[in-house]
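To start, the structure under review is shown below, and the notes come after it.
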Amino acid sequence: MSLLLDHITYTYPGTTHGLHDVSLRVDTGELVAVIGPSGSGKSTLLKLVAGLETGHTGSILLNGENVAGKPMHQRNIGMVFQQYALFPHLSVVDNVAYGLKLRKVPLNERQNRARDLLALTGLAEYAERSISRLSGGQQQRVALARALAIDPLALLLDEPLAALDASIRGHLRDQIRTIQKRFNATTLLVTHDQEEALTMADKVAVLKDGRLLQFSTPEEIYRAPANKAVAEFVGLSTILPATVIARDLIDAGFARLATATGHRQVGQSVFALIRPENIVPTPSSDATNRISGHIGTQRYLGSIYRYDFLADGAALPLLVESHQIAGNAIALPPEHITLLDS
Amino acid sequence: MIRGISIIYGIYLLLPIALLIVGSFGSTWTNTLLPSGTTARWYVELWVDPSFRKAFVASLTVAVSACVINTIIAVPLAYALYHRAGQRGSIAARLVSAMPVAVPTITLGFGYIIVFNTDYAPWLGTLPLLIAAHAVHTLPYLTNTLLTDLRHLALDRLEAAAATLGASPWQQFIGIVVPNLRQSLISGLVMVAAISVGEFGLSNLLTSFQNRTYPVVLLQAFYGATGFACAATVILLLLACASAFISSSVIKKS
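Chains A and B supply the protein sequences, listed in that same order. Mapping of the first sequence onto our numbering: residues 1 to 342, in sequence order. Mapping of the second sequence onto our numbering: residues 343 to 596, in sequence order.
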């Protein structure tokens with residue numbers, strides 16, 4: 001079971017918003033997270049796959065079959081909505097069994113299957129309850145069980161944790177991932193929460209203004225973002241405008257920094273990306289890219305400190321994360337400076 | 343201030359009702375503050391009076407028929423209005439559904455008299471016409487009750503969820519929409535029944551002697567003994583109270 005989006009273009013009628021030539025692939029059992037700021041088109045992508053929106057160009061292939069023109073109820077796609085969308089007139093177990101009832105599965109069999117799924121999501125004892133007596137996290141687990149009950153060709157998760165408290169979000173994230181793996185469900189997750197995407201996904205697709213900026217593993221998205229927009233959206237960082245002044249040397253205005261410049265020409269404008277955890281807070285006096293300055297705003301996060309380091313002569317502060325606050329100098333290891341073309 | 347207004351409102355609302363009940367059990371009541379003597383004979387007379395019994399049955403027939411017709415029309419109508427909200431079709435439909443509320447029943451009644459007193463449509467005075475008139479008059483009340491509930495439920499999301507699970511549009515309507523509208527449908531229908539039972543203006547203009555409704559016959563009672571008129575009115579009141587009770591207990595349950 002795989003989901004293939006091939007050159008999808010869609011514009012909302014009367015606007016220029018939508019998706020522009022987006023292609024991505026979710027292999028069997030894979031979880032692909034689509035992230036991007038609001039208005040990036042990530043929800044539109046999900047709606048097109050589900051059939052909630054129609055009229056795109058390009059093709060959506062579900063298990064090799066083009067679903068364009070197939071109405072929503074014939075696509076066999078399980079979907080979990082941000083606001084749960086459970087049926088208030090049905091009990092928990094009847095909600096889970098609803099899709100099986102439509103498939104004319106005999107009463108006993110569908111009740112048993114629904115109960116098995118509820119047990120798997122840790123909700124066995126809530127089977128007979130009314131939906132309104134469940135917490136948000138429990139409702140979302142029922143929604144997941146309901147979507148999986150129909151043995152869907154693909155599973156779509158539309159901001160499944162956005163409506164929940166931060167305290168249970170982390171736990172539920174792990175639980176959803178475990179269940180998704182267990183069912184080997186081909187899954188597309190839409191989220192605005194990059195942490196959710198990085199922790200849950202096998203691959204991440206970053207969208208902005210309806211265009212796919214990058215589609216690769218979470219590690220690659222974080223370590224080697226394709227451009228400035230991806231770098232800005234994923235993870236914390238400092239992005240410095242700079243110019244290549246020699247082979248493996250750039251000028252960031254306040255300092256000259258050694259880093260691999262690769263194929264770039266002298267004189268080319270670039271952005272230097274530096275992740276806060278890669279900055280060395282207590283460098284030796286002869287360290288490469290040693291920069292002096294002073295500490296700005298500090299935030300204590302429990303396990304680490306996150307603070308601004310104001311380099312002498314620099315316009316932008318450098319964001320640093322370390323166990324101990326730096327003194328009056330830091331170092332930017334050359335291997336941790338990633339150059340992005342501007 | 344608010345308490346004062348409530349008390350005055352309560353007195354004006356409840357005192358006439360209390361007097362009606364007292365009067366219905368009084369044997370004579372002329373030119374005195376309260377009736378003299380106690381009797382149940384007005385209720386017995388009412389019970390044996392064929393015109394009242396007939397009117398009672400006619401009123402129930404009209405009310406129940408209006409409920410059935412309204413259910414068949416209002417549920418799909420409200421559903422269509424909900425889904426087409428903001429479009430041109432919705433404004434037209436809204437206008438049609440709200441008009442009977444704005445137009446006085448007497449205007450509606452005269453209109454019917456003109457149209458249905460012709461050789462082409464000589465149905466004035468028939469029961470079906472009366473039922474149709476009641477259905478038209480009460481339809482907007484039910485439609486609006488359902489519409490409020492539809493908006494409150496955020497039904498489009500539930501429909502989308504049902505669709506992903508394999509429900510066709512018809513299965514979504516029957517399996518998701520209708521069950522979730524059950525409560526508001528019942529309370530809306532109680533309102534329809536109560537309005538139909540108490541409706542006078544339209545019925546008075548459109549009924550023939552054969553199928554007069556209860557309020558129309560009730561008017562005749564006012565020309566006879568006071569006690570009889572009181573008893574007849576109390577029966578109407580009981581009908582209305584029963585409707586209100588059913589309605590509120592249904593809402594409480596939900």
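A virtual CB, placed ideally from N, CA and C, is assigned to each residue, including glycine.
Check	Outcome
Within chain A, partners of B:L502 - CB distance below 8 Å	Note on residue identity: the sequence assigns Ala, not Leu, to residue 502 of chain B. Within chain A, the residues near B:A502 are A50, L52, M72, M79, F81, A85.
Residues in the region 125-137 of chain A having any Cβ partner in chain B nearer than 9 Å	none
Residue from A:H323, A:R299, A:Q83, A:R256 with nearest C-alpha to A:P281	A:H323
Beta-carbon gap between A:G78 and A:I179 smaller than 9 Å	no
Local conformation of A:G137 per DSSP, three classes	helix
Residue ranges of each alpha helix (DSSP H) within the region 421-483 of chain B, 4 or longer	430-444, 447-457
Sub-9 Å separation of A:G293 and A:A311 beta-carbons	yes
Supposed close pair B:I518, B:E501 - CB separation, criterion 8 Å	6 Å
Where A:R141 falls, given that 16 or more other Cβ within 10 Å makes a residue buried	buried
Interface residues of chain B facing A:P88 [CB-CB closer than 7 Å]	N522
CB contact below 9 Å: B:T575 versus chain A	no
Span separating the alpha-carbon of B:R598 from that of A:A50	Residue 598 of chain B is absent from the structure shown; chain B starts at 343 and stops at 596.
Member of B:H494, B:G540, B:Q513, B:Y483 whose CA lies at the smallest distance from the CA of B:I415	B:Y483
Extent of the continuous alpha helix (DSSP H) to which A:P241 belongs	First-last for A:P241: 238-246, but that is the beta strand (DSSP E), not the alpha helix (DSSP H).
Cβ pair B:F394, B:G569 closer than 9 Å	no
Per-residue DSSP class, three states only, for A:D6	strand
CB contact check: A:G55 to chain B, cutoff 9 Å	no
Inter-residue spacing [alpha-carbon to alpha-carbon] between B:S510 and A:K70	12 Å
Residue-chain proximity (A:L156, chain B), Cβ-Cβ < 9 Å	yes
Boundaries (first-last residue) of the beta strand (DSSP E) holding A:D286	Note, A:D286: premise wrong, no beta strand (DSSP E); not H, not E.
Extent of the continuous alpha helix (DSSP H) to which A:K70 belongs	Careful: A:K70 lies outside any alpha helix (DSSP H) and carries neither H nor E.
Residue-level contact to chain B via CB, A:L153, 9 Å cutoff	no
Proximity winner among B:F458, B:I577, B:P446, relative to B:I363 (alpha-carbon distances)	B:I577
Members of the region 92-106 of chain A near chain B, C-beta cut-off 7 Å	Y98, G99, L102, R103
Start and end residues, beta strand (DSSP E) containing A:H20	18-26
With 16 other Cβ atoms within 10 Å as the buried cut-off, status of B:V390	exposed
Opposing strand residues paired with A:Y300 [DSSP bridges]	A:Y305
Rounded distance between the beta-carbons of A:Q83 and A:P160, thought under 8 Å	A:P160 to A:Q83, Cβ: 10 Å. No contact.
Min CB distance A:A114 to chain B below 9 Å	no
Interface residues of chain A facing B:R426 [CB-CB closer than 7 Å]	Correct list: empty, because the minimum Cβ distance to chain A is about 16 Å.
Any C-beta of chain B under 9 Å from that of A:A143	yes
Collapsed DSSP secondary structure at A:M79 in the structure displayed	strand
A:T238 beta carbon less than 9 Å from that of A:L319	yes
Chain-ordered neighbours of A:I150 on chain B, where CB pairs are closer than 8 Å	L507, G508
Integer-rounded CB distance, given that A:L24 should sit under 8 Å from A:F215	5 Å
Where A:G39 sits in the DSSP three-state scheme	coil
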